[in-house]
Amino acid sequence: MSVLLEVKDLTKNFGGLAAVSNVNMHLDDNELIALIGPNGAGKTTLFNLMTGQTVPSAGSITLRTDSGVQVLNGRKPYKIADMGLARTFQNIRLFKELSVLDNVLISMTSKNKEGLVSSLFRLPAFYKTEARLVKEAMDLLKIFHMQDLADTTANNMPYGAQRRLEIVRALATKPKILFLDEPAAGMNPEETAALTATIRQIQQDFGITVLLIEHDMSLVMNVAERIYVLQYGKLLAEGTPQEIQANQAVIDAYLGGGV
Ligand SMILES: Nc1ncnc2c1ncn2[C@@H]1O[C@H](COP(=O)(O)OP(=O)(O)OP(=O)(O)O)[C@@H](O)[C@H]1O
């Protein structure tokens, strides 16, 4: 597998606090990687750096693209999203008054700008494109068992369904890398187990790379091929789930022998 995204000596200071400090990591093609660490370890800051929401203090983030390796630091989040990086947030960010289907279509249409004239004049091509997008959206919703909720207002769905819709919206942009920030937060054990299976399925079926932040250790150990552990902004360990579970520094610092 070759490196898709590479982080080198990445640092982010907030005043005197180094939220992320000299971190090196790589995300390879079609991998499922977890990022774990105690509260305040710098996980979300690292996500924000990679997806352009936060500008690094030092270091670099590069992405392999069809037109060579591109530097991501300094680019706006929407440019980075256009390059194939999609994410969800810890707090849900949906168009709460819109239907489930419209929430997904909005993510898709940002990548379908070519039909401006036909959409302005409602030419046949507009209806053709619309029918294709609706079918694609419904296919994505089916994967998450949400096809029957297509007409439901997002706000009227249970919390777990809203979180699943966030993932569908991120997938609708056809990303190369999907960043999931605590996708199972607030879900019950059955919902978490179902979500674990779905995350693995989409990573394999779509051939994409997934990086997830997660506190639920059973989800992490079941789903991840590789794990990075952060502590006080620094990388404490990297390895397979088995290696991480046996790593004494990780056990001492974070897992407390409970895994
Ligand atoms: N915009 C900011 N301004 C100042 N300090 C910040 C900012 N964002 C994060 N921090 C600080 O940086 C540190 C890392 O925070 P971060 O949210 O990245 O950790 P985390 O590992 O994602 O934590 P959690 O698991 O609780 O979500 C914390 O001490 C936090 O208070």
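Heads up, the sequence shown is in my numbering, so the first residue is 25 and it goes up one at a time.
The beta carbon of each residue, even a glycine, is placed where N, CA and C say it ideally should be.
Alpha-carbon spacing of Ala43 relative to His50, whole angstroms: Indexing the sequence shown from 1 puts residue 43 at position 19. Indexing the sequence shown from 1 puts residue 50 at position 26. When rounded, the distance between both Cα atoms is 19 Å.
Bridge-paired residues (DSSP) for Asn37: Against the sequence shown, residue 37 aligns to sequence position 13. The beta-bridge partner set that DSSP reports for Asn37 consists of Ala42.
Who are the Cβ neighbours of Asn127 in its own chain at under 7 Å, not counting the five residues just before and after it? Counting from 1 along the sequence shown, the entry for residue 127 is found at position 103. Apart from the 5 residues on each side of it in sequence, Asn127 sits with its Cβ closer than 7 Å to the Cβ of Leu118, Phe119, Ala178, Leu189, Arg193 in its chain, given in chain order.
Simplified DSSP assignment, three categories, for Val27: Along the sequence shown, one-based indexing puts residue 27 at 3. The DSSP-derived three-state label of Val27 is strand.
Give the straight-line distance between the Cα atoms of Ile60 and Val253, rounded to the nearest whole angstrom. Numbered from 1 along the sequence shown, position 36 holds the residue referred to as residue 60. Numbered from 1 along the sequence shown, position 229 holds the residue referred to as residue 253. Separation of Ile60 and Val253 (C-alpha to C-alpha, rounded to the nearest whole angstrom) is 5 Å.
Which of the three DSSP states, helix, strand or coil, is assigned to Asn48? Start at 1 with the first residue of the sequence shown, and residue 48 comes out as number 24. In the displayed model, Asn48 falls within a strand according to three-state DSSP.
What number of angstroms, rounded off, separates the C-alpha of Lys166 from the C-alpha of Pro213? One-based indexing of the sequence shown puts residue 166 at position 142. One-based indexing of the sequence shown puts residue 213 at position 189. A straight line joining the alpha-carbon of Lys166 with that of Pro213 spans about 21 Å.
Does the count of Cβ pairs from the segment 81 to 94 and the segment 217 to 236 closer than 8 Å reach three? With a cut-off of 8 Å on Cβ pairs, the segment 81 to 94 is not in contact with the segment 217 to 236, counting fewer than three such pairs.
Mapping DSSP to helix, strand and coil, what is Leu236? Position 212 of the sequence shown holds residue 236. In the structure shown, Leu236 sits in a strand (DSSP, three-state: E or B).
Three-state secondary structure (DSSP) of Arg111: Within the sequence shown, residue 111 is the residue found at index 87, counting from 1. Taken through DSSP and simplified to helix, strand or coil, Arg111 comes out as strand.
Around the C-beta of Pro182, are 16 or more other C-beta atoms found within 10 angstroms, so that it is buried, or is it exposed? For this step, residue 182 is matched to residue 158 along the sequence shown. Flag for Pro182 reads exposed.
Contact defined as beta carbons within less than 8 Å: I believe Ser81 pairs with Lys32. What is the distance between those atoms, to the nearest angstrom? Residue mapping note: residue 81 aligns to position 57 of the sequence shown, counting from 1. Residue mapping note: residue 32 aligns to position 8 of the sequence shown, counting from 1. Actually they are not in contact, since the Cβ atoms of Ser81 and Lys32 sit about 14 Å apart, beyond 8 Å.
Residue closest to Leu259, alpha-carbon to alpha-carbon, out of Leu235, Ile251, Arg156: Start at 1 with the first residue of the sequence shown, and residue 259 comes out as number 235. Residue nearest to Leu259 within the set Leu235, Ile251, Arg156 is Ile251 (criterion: CA-CA distance).
Where does Gly184 fall in DSSP's three states? If you number the sequence shown from 1, residue 184 lands on position 160. Assigned with DSSP and collapsed to three states, Gly184 falls in helix.
Sorted by chain position, which residues of the same chain lie with C-beta nearer than 7 Å to Ala185's C-beta, five sequence neighbours on each side aside? In the sequence shown, residue 185 corresponds to position 161, counting from 1. So the qualifying residues of the chain are Met170, Leu173.
Are Ile57 and Met74 closer than 8 Å when you measure CB to CB? By one-based count along the sequence shown, residue 57 stands at place 33. By one-based count along the sequence shown, residue 74 stands at place 50. No, the Cβ-Cβ distance between Ile57 and Met74 is not below 8 Å.
Would you say the segment 195 to 211 touches the segment 233 to 243, given that touching needs at least three Cβ pairs under 8 Å? Judged by Cβ distances under 8 Å, the segment 195 to 211 makes contact with the segment 233 to 243, as three or more pairs qualify.
At which residues does the beta strand (DSSP E) containing Ala270 begin and terminate? As a first step, residue 270 must be located in the sequence shown, where it is residue number 246. The continuous stretches of beta strand (DSSP E) do not include Ala270, which lies in the alpha helix (DSSP H) extending over residues 265 to 270.
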